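If you count by mature numbering (1 follows the signal peptide of the UniProt record, and there is no 0), then the sequence shown holds residues -27 to -1, 1 to 351, one letter each, in order.
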Amino acid sequence: MMMKNTTKFMLSIVATAIALSGSTAFAAEQEDGIKVGGAVRVNYGYKDYDEASKDKGGDFSFDMAAIKFDGKQGDWGLAAEYRFTSSTNYIKYGYGFYDIDPDWQLQFGINKVPFGNRDFISNSWWFGLPYYLGFEDDHDVGIKAVYEKNGWHTDLAFYKNPEYGPTENKRYSTDLYTGTINGTEYNNEETNQFNVRQTYTTEYQGGQTTIGGSVQYGQIYNSKTGNNGDRYAAALHLDSSFKGWNLQMQAMQYEYDAADAEDPNKIGVSVVSWQYEIAAKGQAYSINIAKTFSTDWGSVKCYNDFGLMTPDVDDDSYDNSMQNVTGCAISSGPTYTMIDFVMGKNMTFSTANNDHVGLPEMGDSWDKRVNINFGYYF
């Protein structure tokens, strides 16, 4: 039923795009109009901790195809992206916006939650550790006001709920999950979320620096008992560039305090057709450094992204989680290739036996994998 509703939503997006553009041509020379674009990506992965992957020399597979709508008609605009994978399809974002004046914009629909670094707190295809906790590149259903002037950038937002229901795991970004994970039953739904983010950007010869802070607060509805818990997160972040170098730093605190929890030390989340558990309370620290080199045919950005999560729960057996990604992103014409060497410790998606974040660790070692993602964008 959820996918049928999503299909209807996307059809309405297409219809709106056509209506706003005035034709199906979307002529490039028009000042106003909706542009249609997209991407096709394939992926190679090699897991050093998986015997089947080692025996085969890794796996090469279709990653995803996407269709995007983006543009304006007067003061009104539209932005949407829908993705198709080998096993499912889902919306990443889809919202309308209105430019109130040159400084203020209003966005309504599935838009990006303003928390943490304004773009990403990562450079790699693998994202940063906050993504797996629900705090990087998240998109929910709500309304957001954006102010930008003289280096100041303010985001004020209210989200009623995530883009999909709580029992769905086929989603782009991490949200709370309703279902059973490793024998623990979860009945949690995100609802009534408020976000405030304030940043300031100063420019100087050779680069710029953006500093800021973010606060998020919302409820957790228990669909089994009808009671509400709550959740919050706060972060300080910096993004600084100088002559091709870039430094990102972020420190955040979060807590999920679910009502009537079977185990209050952990909570279930889902993303990209999977579900796992994370510590219900903790801190996450990120530090990333990158250098971009210009070439005759495009550019190369090499980087190292490091993330640390420290659980802050009543159970002393919970352990830190860490993720380090070293790689390069190669841009040439319409293509973008990301080559990543991923190391994980007690970390979901990058370890053999620890499909969680911040729970008790099985073993005591860093696991390793290689990931290469090739994309063609149009």
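Backbone N, C-alpha and C fix where the C-beta goes; we use that ideal spot for every residue, glycine too.
Keep in mind the model is a prediction, meaning the values are calculated, not measured.
Residue i, enclosing alpha helix (DSSP H) - first and last residue
i    : result
S259 : Not the alpha helix (DSSP H): S259 falls in the beta strand (DSSP E), residues K254 to S267.
D28  : E24 to K29
Environment of residue i [buried if 16+ CB atoms lie within 10 Å]
i    : result
N155 : exposed
F351 : exposed
N326 : exposed
M320 : buried
A25  : exposed
I73  : exposed
Y68  : buried
G186 : exposed
Q80  : buried
Where the beta strand (DSSP E) containing residue i begins and where it ends
i    : result
D288 : Note, D288: premise wrong, no beta strand (DSSP E); not H, not E.
L51  : W49 to F57
T133 : This sequence places Lys at residue 133; Thr is not what is there. K133 -> beta strand (DSSP E) spans W125 to P135.
L79  : W77 to K85
V245 : Neither: V245 is in no beta strand (DSSP E) and is coded neither H nor E.
K102 : Reading off the sequence shown, one finds Leu at residue 102, where the question assumed Lys. Per DSSP, L102 belongs to no beta strand (DSSP E) and is neither H nor E.
P307 : From DSSP, P307 is part of no beta strand (DSSP E); its letter is neither H nor E.
N346 : D340 to Y350
Q178 : That residue, Q178, is in no beta strand (DSSP E); it is neither H nor E in DSSP.
T153 : T151 to I154
A235 : A small fix is needed here, since residue 235 is Glu in this sequence, not Ala. Unbroken run through E235: none, as it is neither H nor E.
K117 : H112 to K122
Contact set for residue i: own chain, Cβ-Cβ below 6 angstroms, skip 5 residues either direction
i    : result
G50  : F70
V298 : S97, W99, D278, D313 and V315
D230 : G202 and D203
T324 : G317 and D340
Y258 : A224 and L281
Proximity below 9 angstroms, CB of residue i to CB of residue j
i           : j    : result
E54         : A38  : no
D36         : N238 : no
G271        : K216 : no
D233        : K264 : no
residue 354 : A252 : Because the chain spans -27 through 351 in this model, residue 354 falls outside it and cannot be assessed.
R342        : K45  : no
R14         : D212 : no
N165        : G191 : yes
Y159        : G152 : yes
G82         : Y66  : yes
Contact set for residue i: own chain, Cβ-Cβ below 8 angstroms, skip 5 residues either direction
i    : result
G11  : A38, A39, I40, K41, Y350 and F351
G47  : D5
F266 : G217, S272, V273, K274 and C275
G306 : W270 and G271
Can at least three beta-carbon pairs, one atom from the segment 290 to 303 and one from the segment 129 to 143, be found at a separation below 8 angstroms?
no
Quick test of the definition: if touching needs 3 or more C-beta pairs under 8 angstroms, does the segment 330 to 339 touch the segment 304 to 312?
no
If contact is defined by three or more beta carbon pairs under 8 angstroms, each pair taking one atom from either stretch, is the segment 166 to 181 in contact with the segment 126 to 133?
yes
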